[in-house]
Each structure stands twice: as C-alpha cells, then as structure tokens.
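Visitor:
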Amino acid sequence: MDEPGHFAQGALVAVLTAEPVGRPLDYRAPEGGCFAGALVEVPLGPRRVLGVVWGTGKGDYDLTKLRTIIRVLDAAPLSGAMRAFLVRMGEYTLTPLSVMLRLATRAPGLGDPPGMRKLFRAGEAVPERMTDARARVLRVLGEHGGAGFALAELAALAGVGASVIKGLVASGAVIEAESPRDAPFARLDPALPGLVLAEDQAAAAAKLRAALRGGGYGTTLLQGVTGSGKTEVYLEAVAECLAAGRQALVLLPEIALTGAFLARVEARFAARPGEWHSGQTQAERRRLWRMAGAGGVQLVVGARSALFLPFRDLGLIVVDEEHDQSYKQEEGALYNARDMAVLRASLCDAQVVLASATPSLETWVNAEAGKYARIALASRFGVAELPEMRAIDLRAEAQEAGRWISPTLVGEVQARLDAGEQAMLFLNRRGYAPVTVCRACGHQIGCRHCDARLVEHRFLKRLMCHQCGETEPLPEACPACGAVGRLSAVGPGVERLAEEVAERFPAARLAVLSSDLFGSARALKAAIEGIAAGSADIIIGTQIVAKGHNFPLLTLVGVIDADLGLQGSDLRAAERTFQLMRQVAGRAGRAGRPGVALLQTHQPDHPVIRAILAGDEEEFWRAEAEGRRAAGVPPFGRMAGIILSGPDLARVFDFGTELARRAAPLKRIGAELYGPAAAPIARVRGRHRVRLLVKADRAAPLQAALAEWLGQLKLPGQLRLSVDIDPQSFL
Ligand code: ADP
Ligand code: ZN
C-alpha cells in the first residue's frame, strides 16, 4: 500500500505516549497497518498505554526486542497540522512532548468502542421519599442540564452508591436511557441571515469574510468598545468558515459567559455548537473530542483547553476578550492560549480573530507593526452610548470608619434605585476582609503552609488561604498572644461590602457575584442570567462581573477602590488597571439608557487614572508602549521566569545558585539573568519558592538557550522546576 502516511504491517513506527519517556518509542505496525497520527494502544513494560503514531521509527532500538502495537483505536487520527502544533508549542513553552500529548488527549474512554450505552438524566417525577443522598443526585443532575451521565460518574459526583441512583430511576425522578455514544452534533446552517448589521459592522464583517475566503493564515485584531457589536461581527466570520466546510473554534475567558453566547449562536445558526469546559460531563467531553476529529462538530465554544481538541479541519479561531488573564494557564504546562491559538492557526491555514475592547499591549503592538490586521468598531451599537466616567476623590469625602461607599456614591446608587435601574459596585476582593488582626498584640493571622494572610470568608464562616485554598474556623483567641475576642477584620472584601449595602439600602434586592459563592459554574451562570432579567437592584462583584456580561438595566458602576491594582510593581499593573476599569465601566448603559461609571480613588491625578477617565485609549497604549520599549521589557524584549520550589529552602536556593553559575548558554545570546531570589509569594503549600528571571532581546533564540542551560543540571529529588515563557505573573 502506498497511501501517504500509511505504514504496512510490521513496519517500524515511532509512537508517542503520554508517559514521561521523553521521546517517541519504536514499535511495529499491527495487522492491517496504521496511519500516521492514529491513536493506538501499545505495550509499555507490563502495561498497555495510549499512544499516537508519530512517524517512521528511528531504528535505534534492538530490532529483535521490538514490540508490536496492540490495536488501532476507533478514532480519527491526529492530523499532521495537529501533531506539528504539539511539537512547536512544546518547543516554544519548553514542555515535554509527552505532556503536550496529555493536553491533547484529555477526554475519557478514548479507547472504548462506540455504540450504545446507558445515560442517566433528570426525570419529571418527585421521589416519594427524599434523603440527603437522593437530593445530592438530583442537584448534580439539575446543575448539568440535559446531557446525562454514565452511572459511575454520576455516583462519584454526587458521592452516592449506584443503588441510590437505581432507586431514583424506579421512582421516575431519574431517567435511564440507551443513548448512542458520540453522535454528531446538529448541523448549524451558515446560510441563514444574521442580524442586519450597522455600517461599520458590515464593513468589518466583509473584511473578515474576505480573509477567510483567502484560505491562508492571518490574524486580525477586532477592536471595539464593549457593546459595539463585535460578537455579531465575528459570527459572520464563523458563518463564512462553516460555509466553506471548515470548523471554527470560539474561545471565551469565562465559562459563565457561555450561556448567553450559546443562545446567540443558536439564534444565528439554528443549532447549538459543541461546548468544551470544566462544567461538561465525561460523556460530553468524549463525544466532543471524537467529533472534533471526525468532523461531526462544526463549531466549538470553549475554555482555553479547547485549543487542544483534534479538529479535522480548523479554519477559524476566535479569541474573545483576548486580553483576559485567564487565557494564561498558570499551572502544569504554562502557556497563553491566545498566543498558542495564533501558532495553531499558522500551522493549519486558519484565520484568528482577537476580539477585545481593551487589547493587551502585546496585541496592540503587533497590530501597530502590521503583523496583525486591525479592524475597529468605533461606537456602541444602536442608541447605546459609552458610559460617562468620573472620579470620586476620596480625600474630599467624609468617610466613616469601616465604611467603603462614599456619600457621593451612596447618593448615586439611591438615584438608580428610585429610577428602577440597576447599580453595580465593583471590588476585586473575594471574602469578607483581607486581613484579620489581633487588637491586643497586632498579630495578623497567616496560613501555616503559605506566605499569605488568611482571608475571612464570613459566608463560609471560615478563614481561607487564597494561595492554597486551605480553610480553618475563625479562632476565638489570637493564635499568637491568646487574647480572647480581640480579633478584628481589617479592610473590605465583597462580603463586607454586601453588609454595608444591606444596611444602607435595606429595601434593595442584592446580588453578590464572587467565584467562591457559587457551588458550580452552572449556578453562577443562572445568577448572571437572573441579574440580566432584573432580579437584583444592586450587584456587588469581583472581577467576574467585568467580563462581557450584558445587563440591560444597569446604568451605574461604582468602583470601590480604583487604586487597588496600581499598587505593587508588576510591569503590567497600569495596563491591567486600565483594562479592568474600562471593562467594568463598560457594563453600564448597554441598552438605551445612558450609563455612568464612578471611580473611588485617593489619587485622581495618577497618570493611569487620568488616562482611564480621559478615555483616550490610543494615547494610553502609545504611552505604555513607549515606556516598555525604553525599559526593554515585553513586548519589546523577551522574558522567561524560572520557578524552583521544594520543601527545604536552602536546597532550593543552592540549586538556583548552581543554575546561575552555569549561565554561559544565556550569556551567549546576550540574555541577562536575575536571581535566584525568594519569590514574592515565598511559600505555597509548604514548598519554598525561588525565582530566576531571564531577559533577552526580542530576536534572541531564547528557547534553545534555555534548553541548553537547564539541560546541564539534573533536578534533585523533591525539587520542582517550571519554566514560564512570556510570564504574566511574577509572584
Ligand atoms: P460586543 O461583543 O462588542 O460587546 P455585542 O455583539 O454583544 O457587542 O453587541 C451588543 C448588543 O447589541 C447585543 O445585545 C447585541 O445583540 C446587539 N447588537 C449588536 N449588533 C446588532 C445588530 N446588527 N442588530 C441588532 N442588535 C445588535
Ligand atoms: Zn495556604
């Protein structure tokens, strides 16, 4: 057989597995042969593991000992472009190929045959007898919509035995049904007409459609103030892509945003797209993974990890809210999904649309340099106007102790309540109070495992560490001096702000949106939909409220502490504050009623606060870009963070020092090395953290030098090292 990429039975092939072996291993092709990219099961030592046929074998292994692939799985092979993507991304982020493969095969039961299997869904009936266990099952089903669970998964999620579920089936409260595994998704119809576009929208859509018709790779920054109709525009690009028979992917930063988005897609194309995020059941994940490869799903909406789905023919990737920090994966393999989307698209002749009201400086600079095309939507769609922005100078307000809403802001909120409109108060701090201090001895309660103060969460009635997540009950006595009843909350979190709002506006209906107050993504989604429909008068939120939600009744946004993000020395502090404030303000006045955003600040003359209020975004980016260029920092220079951690501080430091001593490979490319130094967060979960920072020229071959440098030393046991290319966080 001479089909391209096909290996006949007995041929020498290289198979990549997700095991930490370091490189693909040689095997013999099985009976019937196999294609490059095929998912296979291979023997590895005494085990059978999942692998992918990576190409021709190297032949550097004893041929007489060579083992044979056990079987080829019934799933579409990974395309050449997908394999190239995993290789290139691994090289870029210095992530081993085996780890890359694990990212790309994160779906359960890939080796299982297709066919029918039993799924459990919520039924109509109410069980005669309700127990705690039964209630848990029904709650899990309620939170996950209609898709259904396999028995074992449902039992595990609800923390019950299979018999509890069977009992509910008998009573009709749960339905058990045979469902085909991995059915294709309903067809979206790209020929249906969309909304009638405004003039600038139509021009933008025409440009994107033309780029897609061109067939090659390209990236476009779609920049437009919140509410300018960007979503409507990029859905036109999706339509063009689907009409050409190719697949499209839309990445969203926040799964709570998917509900509203799915409804819009359904209205536009008359069917729902595939969804990929942590709220999906195992059965749904497996189905989507397989359909991406088989071409049985045209459009996928998902979180950053959807980028690793094995699309058969990906023609478009939209990264909505491209500036959002949650695109950066900060654990395990460290990568920025926005940048990797561009890499992936360049390898499969796809178009990328980066949509944002407040692009990252990286993207803005790429657009200025002509690397990305740029389309701007200048005004809000229809009658909606951008909110007016003003500062409230806290130095001039008579503020009572333990109160955070200034008299001016109180008056503005009251005016909205009187008019039957919504007001939002924004404070980017979870919990009740960021610090708990003993008034007898001044001790601040900290985490035992981390270099962090414990945050009081009154809703949970516990103190919580925001580094490691550990909680403990609020003590009666100070752990340092033993004084009883002297512990006191200092500073506000959203829960404390809610207390103040309830006191000041007792008749108002209050909604608090903070990621930790909701048991599940679906519950948060439901709360957001309720608010959009008018179920609350005052909304209090952390940064989850800043992200793209559409609240038509909202006309006032009050920022409790606009100075919060400006403290600290992060190189992106100004950029982040600017983006966050503009995004939050953008929630107001989205429908016909004009909105106002008020920023409480102690430094109304700070250049960043002034830029936010002036609303001259181009000017802000230009100034910020100049500053970064002068300092040689990203995006004008390149950085890599090295984070070492281990239980013993001295050993971690010694290893860091040893690395610094061998920096010759870095010197050769003209890079500078800083550290080792204790990380700003010096301890997490009992592990001490030490950082090194490498700075290099934009054009320097950084990855190769890093690989050579780090390859000189073997990591001692108990130590961990991670490399963060283009770091976003320096903690
Ligand atoms: P963005 O993504 O830029 O924040 P959206 O696409 O969400 O903006 O549009 C803001 C609002 O305006 C939405 O409610 C949307 O349905 C509406 N809208 C946008 N374009 C149109 C249009 N051409 N016709 C009717 N409504 C539109
Ligand atoms: Zn901790």
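Going by the working numbering, the sequence shown opens with residue 905, and the numbers climb by one from there.
Cβ coordinates follow ideal geometry from the N, Cα and C atoms, glycine included.
Quick caveat, the model's predicted, so the values are computed rather than measured.
#1: Quick one: measure Cβ to Cβ for M1293 and A1489, integer angstroms, because I've assumed they're closer than 8 Å.
#2: Between K1134 and the ligand ADP, is there a pair consisting of the residue's CB and a ligand heavy atom that are separated by less than 6 Å?
#3: In chain order, what residues of the same chain lie with their CB nearer than 7 Å to the CB of V1512, ignoring the 5 residues before and after it?
#4: Smallest Cα separation from A1245: which of A1273, E1235, L1213?
#5: Determine the DSSP secondary structure at S1250, reduced to helix, strand or coil.
#6: Which value, in whole angstroms, describes the spacing of the CA atoms of D930 and T1162?
#7: Give the single residue among M1543, R1595, P1620, K1599 whose Cα lies nearest to the Cα of R1555.
#8: For a test of the three-state rule: what should DSSP assign to D1441, helix, strand or coil?
#9: Taking 6 Å as the cut-off, is the CB of G1438 close to at least one heavy atom of the ligand ADP?
#10: From the DSSP output, which residues share a beta bridge with N1240?
#11: Given 8 Å as the limit, is there contact between the stretch 1121-1130 and the stretch 1234-1254, that is, 3 or more CB pairs closer than that?
#12: Is I1513 helix, strand or coil when you go by DSSP?
#13: Under the criterion of a Cβ to heavy atom distance below 6 Å, does L1139 qualify as lining the ligand ADP?
#14: Please report how far the alpha carbon of L1623 lies from the alpha carbon of V1314, in whole angstroms.
#15: Grouping DSSP H, G and I as helix and E and B as strand, with all else coil, what is M905?
#16: Could you tell me the alpha carbon to alpha carbon distance between V1341 and A1581, rounded to whole angstroms?
#17: So for S1209, helix, strand or coil by DSSP?
#18: In the DSSP assignment, the alpha helix (DSSP H) including I1069 goes from what residue to what residue?
#19: Between which two residues does the beta strand (DSSP E) containing R1366 stretch?
#20: Which whole-angstrom value is the C-beta distance of A1164 and L1096, which I expect to be below 8 Å?
#21: Please determine, among N1454, F1455, L1460, M1485, the residue with the shortest C-alpha to C-alpha distance to L1468.
#22: What is the DSSP secondary structure of D938, counted as helix, strand or coil?
#23: Rounded to whole angstroms, how far is the Cβ of R1593 from the Cβ of I1547, which I believe are closer than 8 Å?
#24: Identify whether T1375 lies in helix, strand or coil by the three-state DSSP scheme.
#25: Should the stretch 1217-1228 be regarded as contacting the stretch 1137-1153, the criterion being three or more beta carbon pairs within less than 8 Å?
#26: Just tell me which of T997, Y1336, L1001, R975 has its CA closest to the CA of P1605.
#27: What residues are listed by DSSP as bridge partners for R975?
#28: Residues in its own chain within less than 6 Å of H1181 by CB, not counting five upstream and five downstream?
#29: Mapping DSSP to helix, strand and coil, what is P1311?
#30: Going by DSSP in three states, G955 sits in which element: helix, strand or coil?
#31: Have a look at T921, L1281, P1383 and flag the residue whose alpha-carbon is nearest the alpha-carbon of D1104.
#32: For Q1326, report the span of its beta strand (DSSP E) as first-last.
#33: Please report how far the alpha carbon of M1034 lies from the alpha carbon of K1070, in whole angstroms.
#34: Is it right to say V1500 is buried, meaning 16 or more other beta carbons lie within 10 angstroms of its own, or is it exposed?
#35: Take A1323 as the anchor and find which of P1498, S1075, W1193 has the nearest alpha-carbon.
Guide: In terms of the structure at hand:
#1: For the purposes of this step, residue 1293 is taken as residue 389 along the sequence shown, with counting starting at 1. For the purposes of this step, residue 1489 is taken as residue 585 along the sequence shown, with counting starting at 1. Right, the Cβ-Cβ distance comes to about 6 Å (below 8 Å), so this counts as a contact.
#2: Translated into the one-based positions of the sequence shown, residue 1134 becomes position 230. True, at least one ligand heavy atom lies under 6 Å from that Cβ.
#3: Within the sequence shown, the letter at position 608 stands for residue 1512. Excluding sequence neighbours, V1512 sits near L1470, A1478, T1481, F1482.
#4: Your numbering for residue 1245 matches position 341 in the sequence shown. It is L1213 whose Cα lies nearest to the Cα of A1245.
#5: For the purposes of this step, residue 1250 is taken as the residue at position 346 of the sequence shown. If DSSP states are grouped into helix, strand and coil, S1250 belongs with the helices.
#6: The residue given as residue 930 occupies position 26 in the sequence shown. The residue given as residue 1162 occupies position 258 in the sequence shown. The alpha-carbon atoms of D930 and T1162 are separated by roughly 43 Å.
#7: Stepping through the sequence shown from its first residue, residue 1555 is reached at position 651. Checked all of M1543, R1595, P1620, K1599; the closest Cα to R1555 is P1620.
#8: Counted from its first residue, the sequence shown places residue 1441 at position 537. Three-state result, D1441: coil.
#9: Locating residue 1438 in the sequence shown gives position 534, counting from the first residue. No, the beta carbon of G1438 sits no closer than 6 Å to any heavy atom of the ligand ADP.
#10: Stepping through the sequence shown from its first residue, residue 1240 is reached at position 336. Answer is K1232, bridged to N1240.
#11: yes
#12: Counting from 1 along the sequence shown, the entry for residue 1513 is found at position 609. In the structure shown, I1513 sits in a helix (DSSP, three-state: H, G or I).
#13: Here residue 1139 corresponds to residue number 235 of the sequence shown, with the count starting at 1. Not under cutoff, so the answer is no.
#14: In the sequence shown, residue 1623 corresponds to position 719, counting from 1. In the sequence shown, residue 1314 corresponds to position 410, counting from 1. Those two C-alpha atoms are separated by around 52 Å.
#15: The residue you call residue 905 lines up with position 1 of the sequence shown. Summary for M905: the model assigns pLDDT 37, below 50, so the residue's position carries little reliability; its value from the coordinates is reported in the next sentence. M905 falls in the coil class under three-state DSSP.
#16: Taking the first residue of the sequence shown as position 1, residue 1341 is located at position 437. Taking the first residue of the sequence shown as position 1, residue 1581 is located at position 677. For V1341 and A1581, the distance between alpha carbons rounds to 29 Å.
#17: As a working note, residue 1209 is residue 305 in the sequence shown. Residue state, collapsed to three classes: helix.
#18: Taking the first residue of the sequence shown as position 1, residue 1069 is located at position 165. Counting along the chain, the alpha helix (DSSP H) containing I1069 begins and ends at 1066-1075.
#19: For this step, residue 1366 is matched to residue 462 along the sequence shown. Counting along the chain, the beta strand (DSSP E) containing R1366 begins and ends at 1366-1368.
#20: For the purposes of this step, residue 1164 is identified with residue 260 of the sequence shown, where counting begins at 1. For the purposes of this step, residue 1096 is identified with residue 192 of the sequence shown, where counting begins at 1. Not confirmed; about 19 Å, so no contact.
#21: In the sequence shown, residue 1468 corresponds to position 564, counting from 1. When each option's Cα is compared against that of L1468, the closest is M1485.
#22: Numbered from 1 along the sequence shown, position 34 holds the residue referred to as residue 938. Just to set this straight, residue 938 is Cys in the shown sequence, not Asp. It is a strand residue.
#23: The residue given as residue 1593 occupies position 689 in the sequence shown. The residue given as residue 1547 occupies position 643 in the sequence shown. Yes, they are in contact, since the Cβ atoms of R1593 and I1547 sit about 6 Å apart, within 8 Å.
#24: The count along the sequence shown starts at 1 and reaches residue 1375 at position 471. T1375: strand per DSSP, three-state reduction.
#25: yes
#26: As a position in the sequence shown, residue 1605 is number 701, starting the count at 1. It is T997.
#27: For the purposes of this step, residue 975 is taken as residue 71 along the sequence shown, with counting starting at 1. DSSP, once it has assigned bridges, lists E945 as partnering R975.
#28: To locate residue 1181, count along the sequence shown from 1; it is residue 277. Excluding positions up to five away in sequence, the list reads I1159, G1206, A1207.
#29: By 1-based counting over the sequence shown, the position of residue 1311 is 407. Residue state, collapsed to three classes: helix.
#30: Taking the first residue of the sequence shown as 1, we reach residue 955 at position 51. Reduced to three states, the DSSP call for G955 is strand.
#31: Indexing the sequence shown from 1 puts residue 1104 at position 200. When only C-alpha atoms are compared, the closest one is L1281.
#32: As a first step, residue 1326 must be located in the sequence shown, where it is residue number 422. Q1326 -> beta strand (DSSP E) spans 1326-1330.
#33: Working through the sequence shown from its first residue, we reach residue 1034 at position 130. Working through the sequence shown from its first residue, we reach residue 1070 at position 166. Their Cα atoms are separated by approximately 14 Å.
#34: For this step, residue 1500 is matched to residue 596 along the sequence shown. Classification of V1500: buried, given that the 10 Å Cβ count is 16 or more.
#35: Indexing the sequence shown from 1 puts residue 1323 at position 419. Ranking P1498, S1075, W1193 by Cα distance to A1323 puts P1498 first.
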